[in-house]
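Input: a single structure, listed below in structure tokens.
There are 2 protein chains.
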Amino acid sequence: MTGKAFQDYYPDNVAHCYGCGRLNEQGLQIKSYWDGDEAVCTFTPRPYHTAIPGYVYGGLIASLIDCHSTGTAAAAAYRAAGREMDTEPPFRFVTASLHVDYLRPTPLEGTLTVRAQVKEIKGRKIIVTAQLYDGGEICARGEVVAVQMPEHLLP
Amino acid sequence: MTGKAFQDYYPDNVAHCYGCGRLNEQGLQIKSYWDGDEAVCTFTPRPYHTAIPGYVYGGLIASLIDCHSTGTAAAAAYRAAGREMDTEPPFRFVTASLHVDYLRPTPLEGTLTVRAQVKEIKGRKIIVTAQLYDGGEICARGEVVAVQMPEHLLP
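Quick mapping for you: the protein sequence lines, in order, are chains A and B.
Numbered per the numbering used here, the first sequence spans residues 1 to 155.
Numbered per the numbering used here, the second sequence spans residues 156 to 310.
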């Protein structure tokens with residue numbers, strides 16, 4: 001978990017995502033890193049990220065899983081191509097579908113960890129699985145189908 | 156779309172949800188209403204709710220579908236019981252699972268509409284389907300499995 005996060009390699013013109021853009025001052029600014037074959041991200045919810053009192057808002061959990069997984073897809077695409085993340089052309093992924101199972105209420109106190117694995121790479125589509133932990137306890141799991149962003153959407 | 160929103164009936168002690176709690180000042184404060192057999196919610200994203208420039212952040216879309224659907228589940232439970240939403244005991248639902256398919260990029264300008272339908276009521280579990288529109292164009296569709304909140308979690 002040292003060095004540059006996946007998101008810190010994104011070109012400036014795609015670095016404004018509310019979930020993971022380093023240039024979005026109001027956003028969550030999540031950071032993802034390789035940890036062997038898994039990607040890991042930690043996030044400390046703010047007090048207002050509440051669902052029922054004391055527990056984390058499910059939409060935040062969905063957002064963490066979504067952005068961490070699309071970031072993981074991008075990093076995996078570079079790995080699969082044998083390229084560093086600062087080489088051209090950039091790989092950037094968007095979400096085609098997101099599924100989250102909420103396994104137990106997630107406590108609002110403390111720091112959450114999201115771990116993700118690449119399940120399948122198939123052309124421009126990458127399927128990523130993810131789990132969200134509070135300490136050692138799994139609270140949610142998700143699956144994201146990420147697709148490489150069409151060139152005409154790139155700013 | 157007149158009268159009190161579903162969320163405005165929630166008791167004060169469960170009205171702090173980041174997505175739909177009327178008492179969460181930093182939150183989205185979404186409002187849902189019956190429109191015949193469907194429930195409808197409108198929301199205007201803020202400029203920082205961006206994914207790539209010009210388009211809405213997928214985590215926000217997931218949040219809108221999530222909260223609108225759990226609110227619809229609560230309202231449907233009252234309807235099924237033949238009760239008004241201000242009667243005791245309160246029905247409040249949490250998300251067991253959330254699925255979102257992103258069908259096309261959602262423009263950041265303007266107001267979004269989420270429509271939801273009750274697909275199935277089975278004991279404490281209610282399945283809700285939802286679609287998110289930009290004007291007349293569907294941009295995402297979702298399905299939420301909502302479960303009635305266990306009493307021990309109520310504050």
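Backbone N, C-alpha and C define an ideal beta-carbon position, used for all residues, glycine too.
Remember, it's a predicted structure, so these values are computed and weren't measured experimentally.
- Nearest CB-CB separation between B:Thr266 and chain A: not below the 7 angstroms threshold.
- One thing to note: A:Ala140 has its Cβ within 7 angstroms of the Cβ of A:Val100.
- Proximity of the region 36 to 50 of chain A to the region 215 to 232 of chain B falls short of the contact definition, fewer than three beta-carbon pairs being nearer than 8 angstroms.
- Contacts between B:Pro208 and chain A, judged by CB atoms closer than 9 angstroms, involve Asn13, Val14, His16, Pro155 in chain order.
- Against chain A, the CB of B:Ser187 has no partner CB under 7 angstroms away; the residue lies outside that interface.
- Annotated three-state conformation of A:Gln7 is helix, per DSSP.
- Just measuring C-alpha positions, the residue of A:Arg46, A:Gly136, A:Val145, A:Gln29 sitting nearest A:Gly123 is A:Val145.
- Taking A:Ala51 as the centre and dropping the five residues before and after it, the same chain places the C-beta of Tyr57, Gly58, Pro105 closer than 8 angstroms to its C-beta, in chain order.
- Proximity of chain A to B:His204 at the Cβ level (cut-off 8 angstroms) is accounted for by Tyr18, in chain order.
- Distance between B:Cys196 and A:Gly3, taken at the CA atoms: about 43 angstroms.
- Chain-ordered listing is empty here: chain B has no CB closer than 8 angstroms to the CB of A:Pro89, the nearest sitting near 15 angstroms.
- Among the residues facing chain A, B:Ser224 is not included, as its CB has no counterpart in that chain under 7 angstroms away.
- Of all residues in the region 271 to 287 of chain B, none is placed with a Cβ closer than 9 angstroms to any Cβ belonging to chain A.
- Annotated as distal: B:Gly290 and B:Cys222, with beta-carbon spacing of 7 angstroms or more.
- Distance between A:Tyr10 and A:Pro47, taken at the CA atoms: about 29 angstroms.
- If you draw a 10 Å sphere on the C-beta of A:Leu23, you find fewer than 16 other C-beta atoms in it, and that means exposed.
- Our two residues, B:Phe248 and A:Pro89, have alpha carbons roughly 45 angstroms apart in a direct line.
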